[in-house]
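From first to last, the protein sequence lines are chains A and B.
Using our numbering, the final residue of the first sequence is 330, and nothing's skipped along the way.
Using our numbering, the final residue of the second sequence is 286, and nothing's skipped along the way.
Report on the following structure.
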Amino acid sequence: MTGRPEKAITVSELRRTYQTSKGIFRKKKEIVEAVKGISFDVEFGELFGLVGPNGAGKTTTIKILTTLLTPTSGNARVLGFDIARDVVEIRRRIGIIFGGERGLYYRVSGRENLRYFADLYGVPLAKRDKRINELLDMVGLSERADSKVESYSRGMKQRLHIAKGLVNDPELIFMDEPTIGLDPQAARDTRAMIKQLVEKEKTILLTTHYMFEADELCHRIGVISNGEIAALDTPSGLKRFVKDISVIEVEAFGIVDSDIASLRQRPEVKSVSSNLEGERQTVRIQTPKGSEFIPQVTKILSGAKIFDIRTKEPTLEDAYLRLVS
Amino acid sequence: MSLLHFFADPQWIIPNIIAPFIFTAVALVLFRNVSGSVALYAVLGGGMMGMWGNTLYGSGFALAFDRWNGTIEYVLATPSRLVWIIAGRSASNAVLGLVNALAILAVVMIGYGPLLAVADPILFLVALILTLASLSTLGVVLCSAFLLSRSASVMTNGLEFPIYVASGSMFPIALLPFWSHPLSLSLGPTWGIDAMRYAADSTYKGLGFGYWIDVSVVMISTIVYLAIGFWLFIVAEKKVRDDATLVEY
Chain A
6 MTGRPEKAIT
16 VSELRRTYQT
26 SKGIFRKKKE
36 IVEAVKGISF
46 DVEFGELFGL
56 VGPNGAGKTT
66 TIKILTTLLT
76 PTSGNARVLG
86 FDIARDVVEI
96 RRRIGIIFGG
106 ERGLYYRVSG
116 RENLRYFADL
126 YGVPLAKRDK
136 RINELLDMVG
146 LSERADSKVE
156 SYSRGMKQRL
166 HIAKGLVNDP
176 ELIFMDEPTI
186 GLDPQAARDT
196 RAMIKQLVEK
206 EKTILLTTHY
216 MFEADELCHR
226 IGVISNGEIA
236 ALDTPSGLKR
246 FVKDISVIEV
256 EAFGIVDSDI
266 ASLRQRPEVK
276 SVSSNLEGER
286 QTVRIQTPKG
296 SEFIPQVTKI
306 LSGAKIFDIR
316 TKEPTLEDAY
326 LRLVS
Chain B
38 MSLLHFFADP
48 QWIIPNIIAP
58 FIFTAVALVL
68 FRNVSGSVAL
78 YAVLGGGMMG
88 MWGNTLYGSG
98 FALAFDRWNG
108 TIEYVLATPS
118 RLVWIIAGRS
128 ASNAVLGLVN
138 ALAILAVVMI
148 GYGPLLAVAD
158 PILFLVALIL
168 TLASLSTLGV
178 VLCSAFLLSR
188 SASVMTNGLE
198 FPIYVASGSM
208 FPIALLPFWS
218 HPLSLSLGPT
228 WGIDAMRYAA
238 DSTYKGLGFG
248 YWIDVSVVMI
258 STIVYLAIGF
268 WLFIVAEKKV
278 RDDATLVEY
């Protein structure tokens with residue numbers, strides 16, 4: 006390959022199936038189609054988000070693009086290199102940051118983890134330790150760099166994951182749910198680091214479950230549902246999908262499943278989502294009727310104790326719920 | 038990294054020092070009334086146990102550990118070929134096994150007196166290094182199966198003693214059933230151990246081919262194991278990427 010390609014990532018009709026089996030003695034094979042012919046491009050310097058429910062195909066897509074999985078059909082180019090043919094070239098130039106507790110060597114220090122991966126990426130010895138010190142500074146782990154990883158908090162482990170993903174100074178970074186399981190402060194710190202990377206003109210492909218995070222960080226978002234791209238636009242573009250509706254948000258205690266079902270059955274209701282935090286439930290009802298529909302809502306939820314009910318402007322999460330429901 | 042992790046767990050002393058030492062001591066007690074180079078079999082046997090055990094656990098368990106730990110995807114996603122990473126781990130573990138073997142030798146010498154006199158230390162050292170290389174590459178071959186399998190620990194346990202016995206470490210392979218001889222002779226370490234005995238004991242008859250034939254076979258087998266290991270790793274890596282079985286555990 007000569008010169009810089011036009012796009013950082015080009016995905017065309019990418020498809021991936023998995024074969025699973027049921028039973029022990031008389032195994033029954035089953036084909037699951039995780040990614041069903043998706044296509045999208047990512048520009049250089051862009052922070053591109055892939056959002057979707059569990060099992061939608063986000064992680065499968067990332068694993069194909071990072072060469073950890075082969076596609077069943079279709080093709081993709083990463084930094085101009087073919088994912089099937091140019092595996093080593095791609096691996097040399099990308100960084101991978103997955104969320105979660107795993108993926109680190111716990112019984113050795115953070116610095117030793119970084120040294121090991123720097124060696125695997127072939128970072129020259131003359132540059133290695135300097136780069137590691139810079140990364141440890143960047144993620145705020147310099148003081149604990151020589152402590153064993155098993156003594157790190159969840160947030161510190163995630164910061165080490167970020168440093169590890171940058172150890173080869175990649176042009177393109179894949180992040181799979183980097184803030185999952187983090188407390189609000191640690192998640193905010195992680196998002197700040199992601200913004201710093203964008204300022205340094207890194208290209209990032211990010212998956213997340215948190216719509217406010219995608220809204221805050223991403224230049225463009227692909228909503229993936231059931232293995233297909235349901236929509237692809239800027240965050241404000243995606244919000245236009247729900248410009249015809251208002252959201253009634255109810256904070257209450259004692260809302261039961263049959264109440265939610267009753268709300269969903271109403272023709273005025275486009276979608277209903279429910280979230281439980283402690284004992285307090287938050288229900289979001291999308292409806293074109295706006296505040297006119299509040300009396301019907303209070304009637305349906307008469308068995309519950311309502312603390313607050315109000316209409317709100319639709320958010321990216323509302324657009325997402327409309328797209329994936 | 039595998040060595041750092043290895044030493045971080047103090048239990049390493051049990052399989053790597055205590056078990057081979059007990060094995061060596063038991064062999065010395067069992068063979069104490071038998072004439073000939075008994076100490077040679079006992080000490081080399083104990084040493085071989087340490088070296089092979091380390092190599093096998095080092096390559097097999099290290100990969101299984103990466104799988105459990107969730108680091109295997111990160112390791113595979115680097116531009117370094119997995120086969121070289123595993124070869125490095127195997128070699129470092131085999132060298133560690135050598136240190137164990139020397140520790141066993143020292144302990145045996147202290148406990149039982151100077152039982153072992155090496156006739157030609159240089160040739161002995163050459164044979165020892167080649168045997169280590171052979172063990173490391175054999176570890177690489179077996180490790181390709183560990184990449185595909187979710188039960189590396191079962192395979193590791195199952196492979197420890199067969200190789201140890203088949204290579205004639207503790208007793209001559211002539212004592213084994215005839216049908217097992219082709220397996221024994223196909224193992225590089227069998228020839229390496231035989232070469233070490235030639236170098237240690239000028240009266241040793243062994244397989245009957247002499248020191249230089251033995252070391253030649255060890256070298257050829259090392260190259261063959263490496264080539265097979267390299268090919269198997271390419272096949273295994275492609276298979277785990279096709280079947281999405283890398284992170285199953």
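We put the CB at the ideal spot given by N, CA and C, even for glycine.
Bear in mind the structure is a predicted one, so any value in this text is a computation, not a measurement.
Within the stretch 52-74 of chain A, those residues whose Cβ lies closer than 9 angstroms to any Cβ of chain B are, in chain order, Thr-65, Lys-68, Thr-71, Thr-72, Leu-73 and Leu-74. Residue pairing by DSSP places Ala-81/A opposite Val-16/A in a beta bridge. Below 8 angstroms, too few C-beta pairs join the stretch 250-263 of chain A and the stretch 85-95 of chain A to call them touching: fewer than three. At a cut-off of 9 angstroms, the C-beta of Leu-125/A has a neighbouring C-beta in chain B.
Flagged as an interface residue toward chain A: Lys-275/B, by a C-beta distance shorter than 9 angstroms. For Asn-280/A, the beta-bridge partners assigned by DSSP are Thr-287/A. The continuous stretches of beta strand (DSSP E) do not include Thr-108/B, and DSSP gives it neither H nor E. Val-40/A places its beta carbon 9 angstroms or farther from that of Val-228/A. Within the stretch 227-265 of chain B, no beta strand (DSSP E) run of at least 3 residues lies entirely inside it. Thr-92/B sits in a helix when the DSSP states are folded into three classes. For Arg-149/A, the secondary structure class from DSSP, reduced to helix, strand or coil, is helix. Residues of the stretch 251-283 of chain B with a C-beta atom less than 7 angstroms from some C-beta of chain A are Arg-278, Asp-279, Ala-281 and Leu-283, listed in chain order. In the DSSP annotation of this structure, Lys-294/A is not part of any alpha helix (DSSP H), being labelled neither H nor E.
For Leu-113/B, a Cβ of chain A is located within less than 9 angstroms of the residue's own Cβ. Boundaries for Thr-212/A: no alpha helix (DSSP H) harbours it, while the beta strand (DSSP E) harbouring it runs 208-213, taken from the DSSP string. Put simply, the CB of Ser-186/B is far from chain A, with every gap to its CB atoms at 9 angstroms or more. Note that the C-beta distance between Thr-195/A and Ile-167/A is below 9 angstroms.
Straight across, the Cα-Cα distance linking Glu-106/A with Ala-143/B is about 44 angstroms.
Gln-24/A has Ile-36/A as its beta-bridge partners, per DSSP.
Closer than 9 angstroms to the CB of Gly-108/A there is at least one CB belonging to chain B. Note that the C-beta distance between Ile-137/A and Arg-120/A is below 9 angstroms. Under the DSSP assignment, Met-180/A falls in the beta strand (DSSP E) whose first and last residues are 177-181. Only those residues of the stretch 121-132 of chain B whose C-beta falls short of 8 angstroms from the nearest C-beta of chain A are listed: Ile-122. With 16 or more other Cβ atoms from the protein chains shown falling within 10 Å of its own Cβ, Asp-220/A counts as buried. Distance between Thr-25/A and Ser-44/A, taken at the CA atoms: about 25 angstroms.
Just measuring C-alpha positions, the residue of Ala-61/A, Tyr-325/A, Glu-206/A and Thr-213/A sitting nearest Gly-242/A is Tyr-325/A. With its beta carbon at least 9 angstroms from every one in chain B, Val-288/A lies outside the interface. Counting C-beta atoms within 10 angstroms of its own C-beta, Gln-286/A has 16 or more neighbours from the protein chains shown and is therefore classed as buried. Following the DSSP letters along the chain, one finds Lys-310/A inside the beta strand (DSSP E) bounded by residues 310-317. Taking 9 angstroms as the cut-off, the beta carbon of Thr-208/A is found closer than this to the beta carbon of Val-47/A. The C-alpha of Val-132/B is placed about 9 angstroms away from the C-alpha of Ile-166/B. Cβ neighbours of Asn-80/A within its own chain (closer than 6 angstroms, five residues either side excluded): Ser-17. Ile-36/A and Asn-231/A have their C-alpha atoms roughly 14 angstroms apart. Taking 9 angstroms as the cut-off, the beta carbon of Arg-159/A is found no closer than this to the beta carbon of Leu-125/A. Per DSSP, Ile-260/A lies in no beta strand (DSSP E) and is assigned neither H nor E. Distances from the CA of Ala-164/B to each of Gly-176/B, Ala-237/B and Ser-127/B were compared; the closest alpha carbon is that of Ala-237/B.
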